[in-house]
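What follows is one structure encoded as structure tokens, with my remarks underneath.
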Amino acid sequence: GAVVSQHPSWVICKSGTSVKIECRSLDFQATTMFWYRQFPKQSLMLMATSNEGSKATYEQGVEKDKFLINHASLTLSTLTVTSAHPEDSSFYICSARDFRGAQETQYFGPGTRLLVL
Amino acid sequence: GENVEQHPSTLSVQEGDSAVIKCTYSDSASNYFPWYKQELGKRPQLIIDIRSNVGEKKDQRIAVTLNKTAKHFSLHITETQPEDSAVYFCAALFTGNQFYFGTGTSLTVIP
């Protein structure tokens, strides 16, 4: 299957700092990527849809000024958690849709664990 | 709003028995329904998916059934093995091109 990478895999930062997470599709172009957040023992919650060359679409209740998304190229989307606070500590996972082949499939990155102290 | 419900939240079965997980969705226009397996601390892995033009799909010990009229789909795992123990998520692709996930089912296969 297709490969989606995320960097970094682990982040520990002080409250008030900003953290950037990168999501890359390594062997295919992704015009659309998705950002999810997962708290322990809970489901994946869609935060926003990242669209190449245009603004991201945020889910209700997700602050767009808090979670900045940039989809600068067909293989890279970034999520920046601005002025992070302890309640932002979570597991952030991106995914990308692969339209190659007969039918599209969604592949997930390995996730980024963010701990805000 | 958009919604995917999943039941049960936890499921324990004896090794060799079958496990069934059910999901319902709210958007009648949804046409793609994947199932993911997630082990602790790892990314979700696609295990099987079904599209709205078929009612059932099987891949070895795993099968998925879809009832579009009732807006529900189910995951069936037969001859369960300890390595099947994980959290399973259903998902549905809604008309806004977003995926929404069910709440997850923690499956434990008892040796």
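Going line by line, the protein sequences match chains A and B.
Using the working numbering, the letters of the first sequence correspond one by one to residues 10 to 126.
Using the working numbering, the letters of the second sequence correspond one by one to residues 3 to 113.
Backbone N, C-alpha and C fix where the C-beta goes; we use that ideal spot for every residue, glycine too.
Rounded to whole angstroms, what's the CA-CA distance from residue i to residue j? Just pull it up for me.
| i | j | result |
| --- | --- | --- |
| L126(A) | P95(A) | 6 Å |
| Q38(A) | P113(B) | 43 Å |
| Q115(A) | L13(B) | 26 Å |
| H78(B) | S63(A) | 40 Å |
| K23(A) | V15(B) | 43 Å |
| F76(A) | G70(A) | 11 Å |
| D107(A) | T84(A) | 11 Å |
| S92(A) | S54(B) | 43 Å |
| S76(B) | I50(B) | 11 Å |
| L88(A) | S28(B) | 29 Å |
| G98(B) | K73(A) | 18 Å |
| M54(A) | G18(B) | 33 Å |
| F35(B) | G25(A) | 39 Å |
| I52(B) | A65(B) | 10 Å |
| Q15(A) | S34(A) | 9 Å |
| S30(B) | Q47(B) | 25 Å |
| S162(A) | E68(A) | Nothing can be reported for residue 162(A): it is not among the residues displayed for chain A, which extend from 10 to 126. |
Helix, strand or coil: which one does DSSP assign to residue i?
| i | result |
| --- | --- |
| E17(B) | coil |
| P95(A) | helix |
| E85(B) | helix |
| Q15(A) | strand |
| L83(A) | coil |
| N60(A) | strand |
| E113(A) | coil |
| L68(B) | strand |
| S54(B) | coil |
| T40(A) | coil |
| F100(A) | strand |
| A65(A) | coil |
| L35(A) | coil |
| R2(B) | No answer is possible for residue 2(B): it lies beyond the span of chain B, which begins at 3 and ends at 113. |
| Q47(A) | strand |
| T107(B) | strand |
| K24(B) | strand |
Would you grab the beta carbon distance between residue i and residue j for me? Rounded to a whole angstrom, and I think it's under 8 Å.
| i | j | result |
| --- | --- | --- |
| V6(B) | A93(B) | 7 Å |
| H80(A) | S59(A) | 4 Å |
| S86(A) | M56(A) | That belief does not hold up - the Cβ atoms of S86(A) and M56(A) are roughly 12 Å apart, past 8 Å. |
| E58(B) | T67(B) | 5 Å |
| F117(A) | V13(A) | 6 Å |
| S32(B) | F103(B) | So it is not a contact: roughly 13 Å between Cβ atoms. |
| I102(A) | Q47(A) | 6 Å |
| P119(A) | R45(B) | 5 Å |
How far does the beta strand (DSSP E) with residue i in it reach, from first residue to last?
| i | result |
| --- | --- |
| P36(B) | 34 to 40 |
| V71(A) | Careful: V71(A) lies outside any beta strand (DSSP E) and carries neither H nor E. |
| R45(B) | Careful: R45(B) lies outside any beta strand (DSSP E) and carries neither H nor E. |
| Q8(B) | 6 to 9 |
| S30(B) | It is not in any beta strand (DSSP E) - S30(B) carries neither H nor E in the DSSP assignment. |
| L126(A) | Per DSSP, L126(A) belongs to no beta strand (DSSP E) and is neither H nor E. |
| L77(B) | 74 to 79 |
| F103(B) | 101 to 103 |
| S24(A) | Neither: S24(A) is in no beta strand (DSSP E) and is coded neither H nor E. |
Measuring only between beta-carbons, confirm whether residue i sits less than 8 Å from chain C.
| i | result |
| --- | --- |
| Y102(B) | Note that chain C does not occur in the displayed structure, where the protein chains are A and B. |
Worksheet item: Counting Cβ pairs closer than 8 Å, one from the stretch 101 to 109 of chain B and one from the stretch 85 to 92 of chain B, do we hit at least three?
Response: Under the Cβ criterion (8 Å, minimum of three pairs), the stretch 101 to 109 of chain B counts as touching the stretch 85 to 92 of chain B.
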